[in-house]
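These notes concern the structure reproduced below.
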Amino acid sequence: MTKNDVELVGEAAHEFARHWLHPDTDSLVPPGGSNELSVLGHMNAVAELAQWLDAAQAWETPPDVIFVPMGSGSTVLGLLFGVHLMGWQTKVVGVADQDKPYLTRWLVNRQPSLPFVEGNVTQLARSTAAWLQKIRFPGISPNTLRRVREEIFVPDSNSWGPGYGLVESVDTVWAEELKEAGLNLDPVFTLKAWRSLLALSRTGTLNNKKVLFWNTYNSFDYTPSLLSGLG
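Numbering (the working numbering), first residue to last: 127 to 357.
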């Protein structure tokens, strides 16, 4: 755990404590990129995908495999729960963006034997399943979490090297070729997921499979909005 990690945890703890002491005056935005509500948003994205596939008549059946980057967890979990609700037999390959040392795994996830991102996603999966049951979300039962973890989720915690946000020279070549073809990928998340897809395809595992690459790269240009806000 680095000095920056410790500072971030300290700041988060301070904000949680202040919110607990003054719940009526302060609003708290949880640290990190994922929570139960953000998972729900990505579940909705799967429903939109199902509608699009039906309207476009692109495939007669759903994708067999979806490759998606896996960081703080809401995107991959939204796809997992969404696939479950759709009743699809799709496998979701979540490709981790990093790993952490044993001590950090224990301190953050209390699961030191699991790769860091997998442990983080596992915790969020539990809390999301509990929250969805609490609000009586249709199609969510006590058995849902088991099916999601054992029948749908395929974690890849080996394709993130050489480090967080770092890529090999061959990845840069792929990125340039894909960019020319109209597909933009970033070195932190999406290039690692693309690497995983290519590696598995070379084994023949994806032969005759309908494979969907879920590109989380955000190419929206916020500059005009930011400039107008300054003016």
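Cβ coordinates follow ideal geometry from the N, Cα and C atoms, glycine included.
Alpha-carbon spacing of residue i relative to residue j, whole angstroms
i	j	result
valine 274	phenylalanine 207	7 Å
phenylalanine 263	glycine 213	15 Å
serine 285	tryptophan 185	29 Å
proline 238	valine 247	14 Å
leucine 134	proline 288	With a pLDDT of 43 at leucine 134, under the threshold of 50, the predicted position of this residue should be treated as unreliable, though the coordinate-derived value follows. Between leucine 134 and proline 288, the C-alpha separation is close to 24 Å.
asparagine 130	valine 219	Low confidence applies here, because asparagine 130 scores a pLDDT of 44, under 50, leaving its location unreliable; read the following figure in that light. Asparagine 130 and valine 219: Cα-Cα distance of roughly 30 Å.
serine 267	proline 241	27 Å
glutamate 276	leucine 353	48 Å
threonine 329	asparagine 170	32 Å
leucine 179	tyrosine 228	42 Å
threonine 298	asparagine 310	12 Å
alanine 222	glutamate 244	8 Å
alanine 181	tryptophan 232	46 Å
Closer than 7 Å: residue i CB and nearest the ligand SAH heavy atom
i	result
leucine 240	Of ligands this structure carries none, so the ligand SAH is not represented either.
Residues that DSSP places opposite residue i in a beta bridge
i	result
leucine 220	Reading the sequence as shown, one finds glycine at residue 220 and not leucine. DSSP output for glycine 220 lists Val194 and Pro281 as bridge partner(s).
proline 292	In the sequence on display, residue 292 carries leucine and not proline. In DSSP, leucine 292 forms a bridge with Gly289.
Closest by C-alpha distance to residue i, when choosing among the options
i	options	result
threonine 270	Val209, Leu309 and Gly291	Val209
arginine 321	Ser295, Ser345 and Asn334	Ser295
valine 202	Ala173, Gln177 and Val165	Val165
leucine 175	Trp340, Gly245, Thr349 and Arg272	Trp340
alanine 325	Ala181, Trp300, Gly204 and Thr230	Trp300
Run of the beta strand (DSSP E) containing residue i, from where it starts to where it stops
i	result
leucine 338	337-339
Limits of the unbroken alpha helix (DSSP H) element including residue i
i	result
glutamate 174	162-182
asparagine 246	242-260
Integer-rounded CB distance, given that residue j should sit under 8 Å from residue i
i	j	result
proline 195	phenylalanine 279	At roughly 14 Å, the Cβ-Cβ gap does not stay under 8 Å, so proline 195 and phenylalanine 279 are not in contact.
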